[in-house]
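Have a look at the structure below, then the notes.
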Amino acid sequence: MTSKLIVKVFQRWLWIPCLLLVWTLFAKFVHLGTWSFPSPWFTFEKWWWLFKNGTLIKDIGSSLFHVGYGFTLSALIAVSLGTLMGWNRKMFEYLNPFLNLIRPTPPAAWLPLVVFVWGIGLLPGILLVIYGSFFPILLNTINGVQNVEKRYVNAALTLGLGKRRLMCDIVLPAAFPSILIGLRMGFGFAWMVLIIAELIAVQSGLGYMILLSVTTLEPESIIAGMITIGVVGLGLDQFFRVLIDKYILKWQKGIVI
Amino acid sequence: MAEGNRDMTHSKEIIRVTDLVKSFPKKDRGEPLKVLDGIHLSISEGEFVSILGPSGCGKSTFLHILAGLDRQDSGQVFLDDKLITGPGPDHTMIFQDYSLFPWMTVEKNIELGLKATGIQESERKAISRNYIDLVHLGGFENHYPHELSGGMKQRVAIARGFALNPRVLFMDEPFGALDAQTRVMLQEELIRIFTSTHKTIVFVTHNVSEAVFLSDRIVVCTKRPMQVKEIFQVSIERPRDRFGIPFNEFCKQVAQLLNA
């Protein structure tokens, strides 16, 4: 039992010493002009310093606020619109061609226009987050609602459910697994798009911090910032994973039969 | 058939079906497939009627039209002299695949229809508890459907249907997906509930002994397009002995007609 556990822990964490070794060697032998590549130790020292003096917390807070703001708005709009389009065939036929047309334009391509119109600040960042997370949520919601099994709807109708109850008690719960998957994907995109936006259109947050570190010639801060972005992103994704597991596993076995 | 039995003396007519016709369009634009070919039927209150026909004869479509889940091309279905134009809680249905909502517990599944009709929570709880006991599922109130066996799921569906206190209950091969033993057990429970509630039940099946065991009357149907071949009055006294001679003689008679 215990030896199995040790093997498992070993498999899981072996990459860390390996990475540190490669990184250390890289830092030792690679020189960037007059600069040497920051070593792991130096980077973590810097990270700790940034953490202690509060700038890192402030940047994380700012990024989380923007991504939370934009994502919440996006989720509200996309789930409502997706439900409407999934349930109402006409709505779908009218809106789908238009949405298909703008969908292939990546969020980054909207950046210049958004900055041109609204300048640099809170609004462009949030707008891009909304756009970036909108489609995965919308498409998964439409898909979820369109694929609600007919037998559930029939059963609900013979039980006397009206339109509103049918929507709230049957259609949305039945589509919920699909919607949650959309939300999780959408959040991944939101986080990615926010960091890109912060490099150009927003003057705060983790993305802005790593960009600033370029101009202040602190490569160790860039790497510290990148690691933070990764860890925070992972943490948020895990949050969604746990939510999905907790909510869905209770009954999803019943759907597959 | 066409007289409609308007003059029934002992009990009131609850359902009347007149000249029901239904076709399905074919995918390759050929002739539409005729499923129901002019069906007349009258069912009186408190009666257990089985619709017995070969697989694929259209009896399930027939029941779906009666329940308001499908539309006929022509003909009419009356419930208490009112046209049935859509599904509703006073003529609810129990399905072969149970159709329980997997995201709701047993209790919530049973209470949903009551909630929709506007019954208060305390009363809902009391009703659902009552019907959970009636189908012997006490202790499973807070279980989810995937934690139950097929037989238990169908018990929940039966409780859900009866809890609505409908005028008539439609049952579409409700025991078709169950193993033989569970099937027999549920037939016996259904009869017990039927005799204690006096609900009108219209029951679709292709199983002869099931129909004979359960029904007051058996409507034997033809192959597609479905027509009423003959109606049997089952006069064997309840509880019916499946191994007794009258039961088996009756089954034989019905089976011979069904397969003729």
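The listed protein sequences derive, respectively, from chains A and B. The opening position of the first sequence corresponds to residue 372 in this note's numbering, with each subsequent residue numbered one higher. The opening position of the second sequence corresponds to residue 776 in this note's numbering, with each subsequent residue numbered one higher. All C-beta atoms in this analysis are idealised placements derived from N, C-alpha and C, irrespective of residue type, glycine included.
Cβ atoms of residue j and residue i: under 7 angstroms apart, would you say?
i, j, result
"B:F823", "B:S990", "yes"
"B:T980", "B:I789", "no"
"B:A955", "B:I885", "no"
"B:V881", "B:E922", "no"
"A:S434", "A:L605", "no"
"B:S817", "B:R846", "no"
"A:F558", "A:F442", "yes"
"B:I1006", "B:P1021", "no"
"A:T414", "A:A595", "yes"
"A:V486", "A:P495", "yes"
"A:P507", "A:G553", "yes"
"B:G833", "B:V810", "yes"
"A:L509", "A:G453", "yes"
"A:F505", "A:A449", "yes"
"B:E820", "B:S798", "no"
Whose Cβ in chain B lies nearer than 7 angstroms to the Cβ of residue i?
i, result
"A:D540", "L887"
"A:P544", "W878"
Residue i by DSSP, collapsed to three states: which one?
i, result
"B:G813", "strand"
"B:T784", "In this prediction, B:T784 has a pLDDT of 46, which is less than 50 and means its spatial position is unreliable; what the coordinates show is noted afterwards. Three-state result, B:T784: coil."
"B:E1005", "strand"
"B:M776", "Note that B:M776 has pLDDT 38, beneath the 50 cutoff, so the model's placement of it is unreliable and the number below is only indicative. Note: B:M776 maps to coil in three-state DSSP."
"A:H437", "helix"
"B:R791", "strand"
"A:V401", "coil"
"A:F408", "coil"
"B:S819", "strand"
"B:R992", "strand"
"A:L376", "helix"
"B:F853", "strand"
"B:T980", "strand"
"B:V824", "strand"
"B:L858", "strand"
"A:I501", "helix"
"B:K797", "strand"
"B:M879", "coil"
"B:T892", "coil"
"B:T975", "strand"
"B:I869", "strand"
"A:F558", "helix"
"B:V931", "helix"
Is residue i buried or exposed, if buried means 16 or more other CB atoms sit within 10 Å of its CB?
i, result
"B:A777", "Caution is warranted here: a pLDDT of 39 is assigned to B:A777, below 50, making its placement in the model unreliable, and no coordinate value can be reported."
"B:Q895", "exposed"
"A:W419", "exposed"
"A:F610", "exposed"
"A:L385", "exposed"
"A:I428", "exposed"
"A:C389", "exposed"
"A:V627", "Bear in mind that a pLDDT of 40 at A:V627, under 50, signals an unreliable position, so the number given afterwards is only what the model happens to contain. It counts as exposed."
"B:H866", "buried"
"A:N511", "buried"
"A:K617", "exposed"
"A:Y465", "exposed"
"B:R781", "Because the pLDDT of B:R781 is 39, which lies under 50, any placement of that residue in the model is unreliable, and the question is left without a value."
"A:L376", "exposed"
"B:P800", "exposed"
"A:W412", "exposed"
"B:R804", "exposed"
"B:W878", "buried"
"B:H973", "exposed"
"B:A932", "buried"
"B:K928", "buried"
"B:S830", "exposed"
"A:L588", "exposed"
Examine the ligand HEM and report whether any of its heavy atoms sits within less than 6 angstroms of the Cβ of residue i.
i, result
"A:S433", "Of the ligands one can find in the structure shown there are none, so the ligand HEM has no counterpart to examine."
Can you pull the chain A residues whose beta carbon is under 7 angstroms from the beta carbon of residue i, in chain order?
i, result
"B:S924", "Residues of chain A passing the Cβ test: none, with the nearest at roughly 12 angstroms."
"B:D872", "R522"
Anything in chain A within Cβ reach of residue i, meaning under 8 angstroms, just list it in chain order.
i, result
"B:A891", "L530, G531, L532, G533 and R536"
"B:L844", "N525, L528 and T529"
inquiry  = Counting only Cβ-Cβ distances shorter than 8 angstroms, please list the residues of the segment 523-536 of chain A near chain B, keeping chain order.
reply    = Y523, N525, A526, A527, L528, T529, L530, G531, L532, G533 and R536
message = Along the segment 851-869 of chain B, where does the CB come closer than 7 angstroms to a CB of chain A? Name the residues.
response = P862, G863, P864, T867 and M868
task = Determine which residues of the segment 929-942 of chain B have a Cβ less than 8 angstroms from any Cβ of chain A, and write them out in chain order.
result = R935 and L939
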